[in-house]
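Asks:
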Amino acid sequence: MPALITDTPNATAAADRLISELSKALSARAPSGPADNLSIALQGLQKHARSFGFSSKQCEQLVRLALLGRLRAQPSSGASSSLAKLKPPKTSTSLGILRAVIPRPRAKLGRQAVLDIIASLGPSPGTDTIKLAGLQKEGGDSAESSLGPERLKVDSKVQVAALKLLCVLVESPSVPLSVAANFYTEATAENPRSTARQRDESQQEAMQRHASQYSSLPGTLPTSYLTTAAKTTLEKCYSTLFHYIDYQALRPHLCYLLCRLTKRRHVRHYRITKLMALRANAAPEAGVSALLSTYANFYPDLLFPELLGGGGASSSAVGAGPAAAGLKYPDADWIAAVLLAHARCTRRSQGEAIESDDEAEDENESGNRAVKKQRLSTKAVKEGSAGEASVAVGLGAAAILIAIPNLVTIQPLNSAQKAFGTHPSLITELSSLRHLAHSLDRLVLPSQAAAMLGSGFGARLMRVAVLSGATITNEDSLSQTIPAGRRNRQAEQDLCWARLSDWLESVLSDELGVQSARASQRQKLKLPSTEAEFKRLSALLRRARYVFELAEQMPAKLEELTSSVLLAIAEVAAGEHAQIADVTVDDMDDWTERWDQLAQEVLAFVPLATPTDLASFEERVMAPLEALATSSKVSLDTSATVLLALTGLLANWGARDWPDIGRLLDGRASYRWGISNLDPSVDYAGLLSAISARADSLAASLVGLYPRHVLIEHAALCTYEVLSGPLGGRRASASIPALPLYAFTMHATTLVPISRLAGLIQTLRSSFEEYNNAAHPPAKQDTGLESKLHALRSTFFEEENLSTLNSTVTLVANLVWLGKIVTDPNAVGSLPPGYEEAVLSELTQRGEELNLKLTTLANTPYSRSMSHLSERFAKEYCSQKNKKQAEHEGWIRGPITPKTLKTAKKNGIPSGWTHTDFRAYMLDWLDRQGAHGLYELLQNILVTFGHQLKSIRDEAEAQV
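Residue numbers (the UniProt record's numbering): 1 to 960.
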């Protein structure tokens with residue numbers, strides 16, 4: 001038994017002595033005794049590895065001893081006689097030595113260890129390589145010697161162990177050293193009854209003391225235990241490693257190692273062919289599939305047809321990053337041993353005494369520790385690699401979590417050409433880009449159009465093909481409604497979208513338990529039970545939404561499915577099953593945060609809805625949207641998201657050239673709305689006007705209910721910007737309700753809502769000016785859609801709406817800039833309905849007591865949104881004009897009134913400035929800070945003030 005080592009300086013010398021004794025025991029030829037010496041040497045070696053680990057050189061020596069049984073290679077002279085005498089160690093001995101290869105901190109194995117492991121690969125002892133090669137022995141051993149130089153054969157079990165060691169040396173998870181405390185803290189927690197019988201209280205206290213000593217250790221395990229030269233050597237041996245992939249025992253670990261080493265230059269057609277042959281002629285193996293997927297990861301999906309059962313390469317494989325899908329970490333127990341050794345070495349480096357070094361445990365205690373070590377090591381490996389895997393998922397999470405079909409290949413002209421290889425089906429076999437261009441006419445889309453949801457090059461190519469209306473399609477998978485031999489581009493494209501809708505419906509029915517339903521059908525909706533399931537669903541929905549945003553429309557079946565989900569969510573928000581009888585929710589009546597998350601994911605599809613009949617649209621879309629937005633159960637963010645979704649829908653509708661659409665539909669021509677044709681029998685003018693009015697009302701009600709919520713404020717302003725811009729002339733009224741006017745002027749706490757409100761009002765003014773200055777030819781038909789749109793536009797720009805707009809402009813200018821309040825309801829710029837006379841009288845009385853007029857509440861110096869901005873502008877202006885004085889003297893405090901302006905002139909404000917000049921320069925400064933709406937409105941409605949603003953801007957440009 002070797003002496004007990006408890007200090008680090010003697011550890012290296014002790015390890016050298018142990019390795020020397022092991023080498024002597026392996027080479028001993030005495031008939032008696034060596035077995036005992038070898039057993040003692042192995043026992044001491046393993047205990048030293050568990051406590052200290054070995055240096056780089058010592059690890060390389062152990063690898064050579066395990067594979068060759070000696071530390072140095074024999075001389076070339078007399079090799080034939082010496083090799084006959086020298087044999088590798090027994091299998092059990094070699095496996096024991098390999099288990100003791102535990103690198104200590106900062107130890108990395110060199111290229112010699114890599115070469116020794118690779119040189120040991122091959123047939124096991126006793127294997128007839130002549131017969132396996134298909135050769136015949138002519139006589140003696142001459143045939144065998146003619147195959148090449150003699151090699152030292154190693155048992156297949158030892159080869160597997162050495163290959164596993166190489167896999168973990170190349171790349172390992174970075175496990176924190178503090179995890180070593182789990183060896184002691186969880187050892188008694190798993191089976192308290194048995195441990196109570198085996199350990200007394202003092203022993204349990206000792207275990208807890210050890211755990212506390214390891215729980216605060218800093219640092220983590222390294223990610224690799226090979227030097228740069230060793231990694232380079234291993235990459236150069238890629239072909240050699242791939243050569244041994246025929247050996248079934250080595251194949252799983254070879255595939256794992258090759259997945260780690262594969263780079264673009266390693267992907268060759270003959271290797272793909274080899275792997276495909278192994279896949280076809282043997283039972284399915286995860287390693288072969290993972291290596292194929294790794295190869296496909298370096299090239300577009302189109303390069304690898306039928307790799308995984310005809311579906312193309314999955315993007316779940318990761319090349320040189322985390323382990324490929326389906327492969328497990330080769331040796332988790334090795335990580336546990338390294339973790340414990342590194343933790344003990346770290347404690348010694350901190351000056352602590354390690355009581356557990358080379359501890360004398362009984363057999364039962366050792367057995368329990370081994371079981372615990374295996375369980376802990378597996379957990380540590382999973383936790384250590386979880387961070388890397390999460391980084392690699394990214395946008396392709398949908399492909400990893402929900403299997404998305406991929407592209408197939410270029411179709412040969414006939415089966416004979418495919419058999420003889422005259423027209424290749426792999427793009428890797430094409431000779432040039434010209435050859436590729438001539439093959440594109442035979443590109444075949446898969447039977448599942450869901451391939452366009454993928455993230456690879458093939459998926460992008462398919463999206464381009466389908467979105468452009470190309471006739472590249474798989475005729476064998478088309479519906480029988482298209483007669484054989486006849487090609488209909490539009491029908492083929494519609495069927496592609498129908499196939500995609502069918503696939504999405506099947507997936508969503510599994511995830512949510514919902515299908516597209518009519519009004520007479522009842523359904524059940526379920527929430528994803530775990531966070532992982534919800535992320536899987538949301539990733540798929542985001543990718544599907546991306547595709548449909550490119551198409552500018554949802555397929556009809558998917559729109560019905562979205563409506564069904566919205567109806568079900570709205571029922572939960574309403575809490576009354578009688579309100580919406582079309583959909584029922586199964587045991588999910590309580591509103592939770594997960595419902596808000598699901599609602600926000602589904603609401604993103606609302607802007608892609610197609611204009612349809614008004615009654616149908618209000619029932620399918622508007623009713624659930626309004627129920628969600630005004631429900632007290634949903635979060636305020638969800639209410640704002642509803643309004644933003646409706647605003648996006650109106651923005652998409654308003655961006656169309658509706659007069660041209662009306663002329664086409666009136667002339668019995670079709671109009672393509674994204675991926676389908678509009679129904680010519682629908683009154684789209686009434687639809688636009690009605691939905692705009694509903695959106696106006698919903699925005700006003702939300703602002704009144706939640707006036708201090710920033711996201712709702714933003715959503716309401718977005719709604720009115722769309723109603724004033726793209727939908728200007730597509731609705732009946734040009735007025736803005738009283739609640740938004742009050743909320744965005746007198747009750748505004750920042751400049752943002754004021755400026756945006758002023759900007760949309762200026763947009764309305766510009767629309768009226770353009771309409772009045774332009775000529776408007778009459779519609780060609782008196783009863784068609786064009787005539788209805790023309791009449792709606794005329795109604796919007798009529799004199800009554802113009803008077804309402806002028807009153808709104810004056811009111812906003814009075815409230816945010818001029819400091820006036822007009823209470824006469826018949827005067828221009830009067831307050832809209834909302835303030836009662838009693839309230840105004842009370843405010844006026846309070847103002848008189850404070851020696852303030854009612855109009856002072858809206859004056860710029862005292863405005864909640866403008867007072868702090870005037871103070872900030874004065875400070876910045878003074879700092880620019882007189883920096884030294886501004887640094888030493890006090891800052892300007894309080895709102896800038898004509899009285900305080902005199903004091904501000906001492907700090908740098910020009911002495912000739914009046915209060916009007918100060919406000920003009922401040923407005924120019926606000927415009928430069930981003931408040932363009934307020935600047936544009938005041939510049940256009942205040943003539944004298946506008947000229948002053950223009951001169952200020954010209955003065956600033958001249959100075960530049």
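Even for Gly, the Cβ is constructed at its ideal location relative to N, Cα and C.
1) Taking C-beta to C-beta, are residue 751 and residue 938 nearer than 8 angstroms?
2) How many angstroms separate the CA atom of residue 781 from the CA atom of residue 787?
3) Could you tell me the alpha carbon to alpha carbon distance between residue 758 and residue 708, rounded to whole angstroms?
4) What's the call for residue 647, buried or exposed, on a 16-neighbour Cβ count within 10 Å?
5) Assess, as a yes-or-no matter, whether the segment 717 to 732 is touched by the segment 812 to 827 under the definition of 3 or more beta carbon pairs within less than 8 angstroms.
6) For residue 157, which residues in the same chain have their Cβ closer than 6 angstroms to its Cβ, ignoring the five residues on either side in sequence?
7) Given this structure, state the Cα-to-Cα distance separating residue 809 from residue 761, to the nearest angstrom.
8) Give the single residue among 567, 288 and 664 whose Cα lies nearest to the Cα of residue 256.
9) Does the Cβ-Cβ distance between residue 117 and residue 45 come in under 8 angstroms?
10) If you draw a straight line from the C-alpha of residue 676 to the C-alpha of residue 553, how long is it?
11) Using the Cβ count rule (16 or more neighbours within 10 Å means buried), how would you classify residue 734?
12) Considering only residues of the same chain and omitting the five flanking positions on each side of residue 634, which have a CB-CB separation below 8 angstroms?
13) Could you check what DSSP says for residue 677 in three-state terms: helix, strand or coil?
14) Starting from the N-terminal side, write out each stretch of the alpha helix (DSSP H) that is 4 residues or longer and does not extend beyond the segment 681 to 759.
15) What do you get for residue 181, buried or exposed, if any count of 16 or more other CB atoms within 10 angstroms of its CB means buried?
16) Just checking, does the segment 823 to 838 make contact with the segment 728 to 742 on the three C-beta pairs under 8 angstroms criterion?
17) Identify which residue in 88, 807 and 53 has its Cα closest to the Cα of residue 66.
18) Is DSSP giving residue 216 helix, strand or coil here?
19) Roughly how many angstroms separate the alpha carbons of residue 349 and residue 340, rounded to a whole number?
20) For a test of the three-state rule: what should DSSP assign to residue 121, helix, strand or coil?
21) Which residues bound the alpha helix (DSSP H) around residue 59?
22) Quick one: using the 10 Å Cβ neighbour count with 16 as the cut-off for buried, is residue 962 buried or exposed?
23) Given a cut-off of 8 angstroms, decide if residue 258 and residue 241 are closer than it, judged by their beta-carbon atoms.
24) In the DSSP assignment, what are the bridge partners of residue 830?
25) Use the C-beta contact count for residue 236: other C-beta atoms within 10 angstroms, 16 or more gives buried, fewer gives exposed.
26) Report the option in 898, 807, 914 and 934 whose CA atom is closest to the CA atom of residue 865.
27) Use the C-beta contact count for residue 454: other C-beta atoms within 10 angstroms, 16 or more gives buried, fewer gives exposed.
28) Can you tell me which of the three DSSP states residue 672 falls into?
29) List the residues that DSSP assigns as beta-bridge partners of residue 103.
30) Whole alpha helix (DSSP H) runs in the segment 917 to 944 with 4 or more residues, listed along the chain?
31) I need the straight-line Cα distance from residue 689 to residue 538, nearest angstrom please.
32) DSSP puts residue 226 in a beta bridge; with which residues?
33) Among 503, 528, 495 and 496, which has the Cα closest to the Cα of residue 511?
34) Do residue 712 and residue 639 have their beta-carbon atoms positioned less than 8 angstroms apart in this structure?
35) Would you list the one or two residues that DSSP bridges to residue 910?
36) Buried or exposed for residue 853, please, with buried defined as at least 16 other CB atoms from any protein chain shown within 10 angstroms of its CB.
Replies: Reading off the structure:
1) For residue 751 and residue 938, no; Cβs fall outside 8 angstroms.
2) Going by the C-alpha atoms only, they are around 6 angstroms apart.
3) Whole-angstrom Cα-Cα distance: 19 angstroms.
4) When all chains shown are included, residue 647 counts as buried.
5) Output reads no: the segment 717 to 732 does not touch the segment 812 to 827.
6) Once the five neighbours on either side are set aside, the close Cβ partners of residue 157 are 91.
7) A straight-line Cα-Cα distance of about 7 angstroms links residue 809 and residue 761.
8) Measuring C-alpha to C-alpha distances from residue 256 to each of 567, 288 and 664 identifies 288 as the nearest.
9) Between residue 117 and residue 45, the gap from beta carbon to beta carbon reaches 8 angstroms or more.
10) Note on geometry: alpha-carbon atoms of residue 676 and residue 553 lie some 8 angstroms from one another.
11) Buried: at least 16 other Cβ atoms inside 10 Å.
12) So the qualifying residues of the chain are 573, 591, 595, 596, 599 and 628.
13) Strand at residue 677.
14) 684 to 705, 710 to 724 and 738 to 743, all fully within the segment 681 to 759.
15) Buried is the call here.
16) Yes, the segment 823 to 838 touches the segment 728 to 742.
17) Here the closest residue by C-alpha is 88.
18) In the structure shown, residue 216 sits in coil (DSSP, three-state: anything other than H, G, I, E or B).
19) Straight-line Cα distance between these residues: approximately 14 angstroms.
20) Residue 121: coil per DSSP, three-state reduction.
21) Element bounds for residue 59: 56 to 68.
22) The displayed coordinates of the chain run from 1 to 960. Any statement about residue 962 would go beyond what the structure contains.
23) In this structure, residue 258 lies closer than 8 angstroms to residue 241 by Cβ.
24) Under the DSSP definition of a beta bridge, residue 830 partners with 822.
25) Residue environment for residue 236: exposed (fewer than 16 other C-beta atoms within 10 angstroms of its C-beta).
26) Residue 865 has its Cα closest to that of 934, out of 898, 807, 914 and 934.
27) By the neighbour-count rule (16 or more Cβ atoms within 10 Å), residue 454 is buried.
28) The answer is strand: DSSP assigns residue 672 an E or B state.
29) Answer is 54.
30) Runs of the alpha helix (DSSP H) inside the segment 917 to 944: 932 to 941.
31) A direct Cα-Cα distance of roughly 33 angstroms separates residue 689 from residue 538.
32) 109.
33) Distances from the alpha-carbon of residue 511 to those of 503, 528, 495 and 496 put 528 closest.
34) Yes.
35) In the DSSP output, where bridge partners are listed per residue, residue 910 has none listed.
36) Flag for residue 853 reads exposed.
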